[in-house]
Amino acid sequence: MAIVITGASGQLGSELSRQLGGEAIRLSRRQLDITNGDEVTRVLKELRPEVVINAAAYTQVDRAEEETERCRKVNVEAVANLAGACEVLGAVLVQVSTDYAYDSSPNADKIPWTEKDLPSSPKGVYARSKLDGEAAAARCQRHFIVRTCGLYGQVDPPGQATNFVETMLRLARSRDQLRVIDDQHCTPSSTVDIARAITFLMHGEAFGLYHITNAGATTWFAFAKEIFRREGIAMTLEAITSEAYGATAPRPRYSVLDTAKYHALGGPELPDWQTALAAYLATRG
11 MAIVITGASG QLGSELSRQL GGEAIRLSRR QLDITNGDEV TRVLKELRPE VVINAAAYTQ
71 VDRAEEETER CRKVNVEAVA NLAGACEVLG AVLVQVSTDY AYDSSPNADK IPWTEKDLPS
131 SPKGVYARSK LDGEAAAARC QRHFIVRTCG LYGQVDPPGQ ATNFVETMLR LARSRDQLRV
191 IDDQHCTPSS TVDIARAITF LMHGEAFGLY HITNAGATTW FAFAKEIFRR EGIAMTLEAI
251 TSEAYGATAP RPRYSVLDTA KYHALGGPEL PDWQTALAAY LATRG
């Protein structure tokens, strides 16, 4: 099976490439400009993949508020280019999306969102672009849309990853106190587990939308606390609100995703976020 991976140098793209081995055709931004429709059509026609996994995205959430056009070009127009080419070739398109489709809990009991829950109306440019990107991906009949959350993982070469875990460990080298948001509930997820689940999905034909994250729920404050505990780092943490942090773009206050639909297919188990974090810390470069 020939499997094209766009965004192959990112965290998820790197992990997918490792797991897929010789089946993977890694395409970085330099090798394929997915915002160029003619180039996408030409390159995919030459490669004739059976599956295209779009792990490329504009992910600078705050910067997107100023770079609206650039954000939408990558997260919407490029997805439409890939969907159109895949539809012509009869290839499967896997589009990676985000928990930012949701803005709050469906009810006061904080019940995780299912695929049947309609997305809220995201206020941020990034969130809106990813939701519109889902609609663009759905133009390819044979598609999977995978919403996930807070990805962290290794890249090639090792040691170059930029994610919440690495940021916390980097800051710990120069500080002994940190302020971390404690009112955003989500499920940070390891690319190892997400890539494994995507690989399972794409070998079947149960096309559609799936929520795929590690199990459980936490806040960024509690996640940071667990990182430092497991690494044996003495760190004084102060829990703060989203308002106190003052980010430019809004973030979901509750975006925990229900993964029952995926698990009903019998795919690889998604471990809880604590187990996934421990595995990452044990193997990080």
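Residue numbers (the working numbering): 11 to 295.
Don't be surprised by glycine CBs; every beta carbon is placed ideally from N, CA and C.
If I'm right that Ala286 touches Ser200 with Cβ under 8 angstroms, what's the distance once you round it to whole angstroms? The Cβ separation is near 4 angstroms, so the contact holds.
Taking only the alpha-carbon atoms, compute the straight-line gap between Arg39 and Leu211 and give it to the nearest angstrom. 25 angstroms
On the CB-based measure, 16 or more other CB atoms within 10 Å of its CB, does Ile121 come out buried or exposed? When all chains shown are included, Ile121 counts as exposed.
Where Arg98 falls, given that 16 or more other Cβ within 10 Å makes a residue buried: Note that residue 98 corresponds to Val in the displayed sequence, not to Arg. The C-beta of Val98 has fewer than 16 other C-beta atoms within 10 Å across all chains shown, which makes the residue exposed.
Out of Glu49, Lys55, Gln29 and Val14, state which residue places its alpha-carbon closest to the alpha-carbon of Arg36. Val14
Quick check: Ser130 and Asp113, are their CB atoms within less than 8 angstroms of each other? yes
Specify, as a first and last residue, the run of the beta strand (DSSP E) that Tyr220 falls within. Gly218 to His221
Are three or more beta carbon pairs between the stretch 264-277 and the stretch 222-235 nearer than 8 angstroms? yes
Per DSSP, Phe154 is paired with what? Residue pairing by DSSP puts Phe154 in a beta bridge opposite Val104 and Gly218.
Member of Gln194, Arg185 and Ala259 whose CA lies at the smallest distance from the CA of Thr246: Arg185
Can you find at least 3 beta carbon pairs, one from the stretch 135-149 and one from the stretch 76-87, that sit closer than 8 angstroms? yes
Arg149 to Ile243 span [Cα, whole Å]: The alpha-carbon separation between Arg149 and Ile243 amounts to approximately 48 angstroms.
In the DSSP assignment, what are the bridge partners of His273? BP columns for His273 are empty, so no partner.
In chain order, what residues of the same chain have a beta carbon less than 8 angstroms from the beta carbon of Glu25, not counting five sequence neighbours either side? Closer than 8 angstroms at the Cβ level, and outside the excluded window around Glu25, lie Gly163, Gln164, Thr201, Val202, Ile204 and Ala205.
Secondary structure at Ala259, three-state DSSP: helix, strand or coil? coil
For Glu248, the first and last residue of its enclosing beta strand (DSSP E): Thr246 to Ile250
Use the C-beta contact count for Thr172: other C-beta atoms within 10 angstroms, 16 or more gives buried, fewer gives exposed. exposed
Beta-carbon spacing of Cys159, Thr124 below 8 angstroms: no
Put Tyr112 into one of helix, strand or coil per three-state DSSP. Here Tyr112 sits in coil by DSSP.
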